[in-house]
Amino acid sequence: MTLLPPAAGPASRSGVRRSGDDYQDLIAWVAALRVIQPEGEVTQLEMEINGAGNVDDVILRRPALGDRFGQVKWATNTALTVDETFMTAQTGRGTSLLQKLYGSFWQLHDPDRPPILELMTNRGLDPAHPLLGHVDGRTDLLVPYAADAPLNSAAGVQLQKWGEHVGGDRERLVEMLAHLVFRTGLTVSSEWDRAKALMLAAGLKHGDDAVRRGLGAVAGWVRGGRRIIRPGDVHQVIDQHALRADEPRAVLLVQAIDRDPQQEDATEVLDWVGLYEGNTPATRYRPREDSDWQRMADELAQAAQRLEAAGERDILVRGKLRQATFFLVGAYLPAVRGMTLSYLQYQQLWSTNAARTSVPALERRYVSIDAGTDLAVAVGIATDPAKAVIGYTRMARLPVSEVVILTPRGSAHDQAVGGAGEAVAYAQMTRDAVRAELERRPQVERLHLFLAGPGALAMLLGHRWNRLRPTIVYEHLGTGRDYTPAFTVDA
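So the sequence shown is numbered by this note's numbering: it starts at 357 and just counts up by one.
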């Protein structure tokens, strides 16, 4: 990703101000893109509007869910944190950030629909702070942790200090904190990528130049005194800069092994992270309970049904997934139902309807197991899984007659797929190869599928997986750790 050239040295005071303005423009452009989401919850964007206290940098009006009022804070050095000094420091007779947030909340407060405040910054949270170090990673809120803190605990004592600092009692402070979202760690690169993802979903050009044009439009709004931005204003910018490239896409966010900080950008959101073993994405391979594979399949099927019922046919898939889950997404939103799926793989858009390009033929190898009438298929595009699959098949006593290994001619390697067109070609060739094997073995009643390749390729394969047999898809548990059955797909 290309943003700005490397800095030649420390920023001047005016340079810091300009960088802060650019950062706020980026946040605002992301917000403007949410205004034009089909069936979205945001109806308009407001910037530096009167009557919003000190949380007027970026305001999202959401009639159904409650308005969000944003305070944007930029730091030239992202190693700086949201700490006690940042929250409570005062200059002269000025008020601290915490006092501004507290005062703004109660100024805007409506008992029937309390405001949601957002502190948006590229700083991280101070992990050692008795309160700030306990912001919930799932909600970005300090409550219920702060509300449950005993009076004599470190958090309780800190809460008392904050209450004295803002001039309010504990109950009113906790009420404000229950509606204060700490959106920290919003780096320029992460927000830039978010803008590109939103533009892609909106059917717009989504390269760096297109993002810069959006930021320029925001700067123009600010210079021209435009404070209220409605969908028509955003579409006018899109037309002026010829940013339109395609029809808008719905967004399916599948959070399998890691959570996405921008869930609100998606049309459908699935969150399975809490079901998995492991504390980091790299260690999450399977759920703690085997029954949760079926739970995930059911939830994905329901999301697919909702998308189809809403008339969505072009779906942008987002999220961190492993092979079997990618395959299931494709299978539950299949080509035979008129769906088109896309995923950003290696920063390239891989779509199921991309024009296929020429790739080497798939080589087939066969290993006899002679333990039943099922057929095992090992697809190795990025690496050859034959040894691991054969070993697992025998160890698990799978009722298969043979293992068919499919790899690109020459060898499998991690650069075997050069883009969407090649991925489509490999998906089609793999499906057709399995169909050919079934023609030779009409007695086969079930397939066992093992995948080793780019995730989006697994999705493209699942998308085309039809006129075959019921298929058990396996998830690899890591080098030397065998496989586990994940999902069963009717095909």
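By construction, the Cβ of each residue, glycine as well, lies at the ideal position given by its N, Cα and C atoms. Fair warning: this is a prediction, and the values are worked out from it, not measured in the lab.
I believe residue i touches residue j by the beta-carbon criterion, under 8 Å. Please report the beta-carbon distance rounded to the nearest angstrom.
i, j, result
"ASP621", "GLY675", "Not confirmed; about 12 Å, so no contact."
"ASP730", "GLU801", "7 Å"
"LEU854", "VAL537", "Look at the range of the chain in this structure, 357 to 847, and you will see that residue 854 is not part of it."
"THR763", "GLY736", "5 Å"
"GLU668", "ALA606", "4 Å"
"VAL590", "ALA388", "5 Å"
"LEU533", "LEU571", "Contact flag wrong, Cβ pair sits at about 32 Å."
"ALA680", "VAL773", "About 18 Å separates the two Cβ atoms, so there is no contact after all."
"HIS535", "ILE472", "5 Å"
"GLU404", "ARG583", "6 Å"
"LEU608", "HIS819", "Actually they are not in contact, since the Cβ atoms of LEU608 and HIS819 sit about 13 Å apart, beyond 8 Å."
"GLU402", "ARG418", "Actually they do not touch by this definition, with Cβ atoms about 12 Å apart."
"VAL629", "GLN611", "6 Å"
"TYR641", "ARG678", "7 Å"
Just grab the DSSP bridge partners of residue i for me.
i, result
"TYR501", "Paired residue(s): none; TYR501 is not in a bridge."
"TRP851", "Nothing can be reported for residue 851: it is not among the residues displayed for the chain, which extend from 357 to 847."
"MET476", "VAL428, ARG539"
"GLN611", "ASP627"
"ALA808", "GLY736"
"HIS832", "TYR839"
"ALA606", "ILE671"
"LEU401", "LEU416, ILE585"
"PRO764", "LEU718"
"GLU758", "SER724, LEU731"
"THR451", "None, per the DSSP bridge assignment."
"TYR632", "PRO643"
"LYS676", "ASP614"
"THR434", "Its beta-bridge partners do not exist; DSSP assigns none."
"ARG569", "In the DSSP output, where bridge partners are listed per residue, ARG569 has none listed."
Can you give the Cα-Cα distance for residue i and residue j, rounded to whole angstroms?
i, j, result
"ASP468", "VAL411", "20 Å"
"LEU813", "GLN661", "23 Å"
"VAL756", "ALA744", "15 Å"
"LEU599", "ALA789", "41 Å"
"PRO826", "VAL372", "60 Å"
"THR739", "GLN701", "17 Å"
"THR358", "ARG823", "Unreliable placement is indicated for THR358, whose pLDDT of 47 sits below 50; no coordinate value is reported for it."
"GLU624", "GLY686", "15 Å"
"VAL428", "HIS485", "21 Å"
"ILE383", "VAL414", "8 Å"
"LEU464", "ASP614", "35 Å"
"TYR722", "ALA734", "10 Å"
"VAL759", "GLY775", "28 Å"
"ILE671", "LEU542", "26 Å"
"ASP439", "GLY376", "19 Å"
"GLY588", "VAL391", "10 Å"
"ALA502", "ALA779", "49 Å"
"LEU475", "GLY426", "6 Å"
"ARG791", "PRO741", "21 Å"
"VAL567", "LYS456", "32 Å"
"LEU631", "ARG837", "20 Å"
"ALA666", "LEU560", "21 Å"
"VAL845", "LEU656", "13 Å"
"ASN478", "LEU554", "20 Å"
"LYS517", "ALA445", "13 Å"
Does the beta-carbon of residue i have 16 or more other beta-carbons within 10 angstroms, so that it is buried, or is it exposed?
i, result
"VAL692", "exposed"
"ASP504", "exposed"
"THR540", "buried"
"ALA659", "buried"
"SER698", "buried"
"THR749", "buried"
"PRO500", "exposed"
"GLY576", "exposed"
"MET751", "exposed"
"LEU507", "exposed"
"GLY811", "buried"
"ARG644", "exposed"
"ARG374", "exposed"
"GLY694", "exposed"
"ASN635", "exposed"
"ARG569", "buried"
"THR437", "buried"
"ARG550", "buried"
Any C-beta of chain D sitting closer than 8 Å to the C-beta of residue i?
i, result
"VAL607", "No chain D is part of this structure, which consists of one protein chain only."
The segment 704-719 in contact with the segment 641-652 per 3-pair CB rule at 8 Å: No contact exists between the segment 704-719 and the segment 641-652.
Segment contact flag, the segment 482-502 with the segment 413-430, C-beta cutoff 8 Å, min 3 pairs: Too few Cβ pairs lie closer than 8 Å, so no.
Meets three-Cβ-pair contact criterion under 8 Å: the segment 436-456 and the segment 392-401: Short answer: they don't touch.
Three CB pairs or more closer than 8 Å across the segment 773-784 and the segment 803-819: Yes, the segment 773-784 is in contact with the segment 803-819.
Three or more C-beta pairs below 8 Å linking the segment 452-463 and the segment 499-514: With fewer than three CB-CB distances shorter than 8 Å, the segment 452-463 does not count as touching the segment 499-514.
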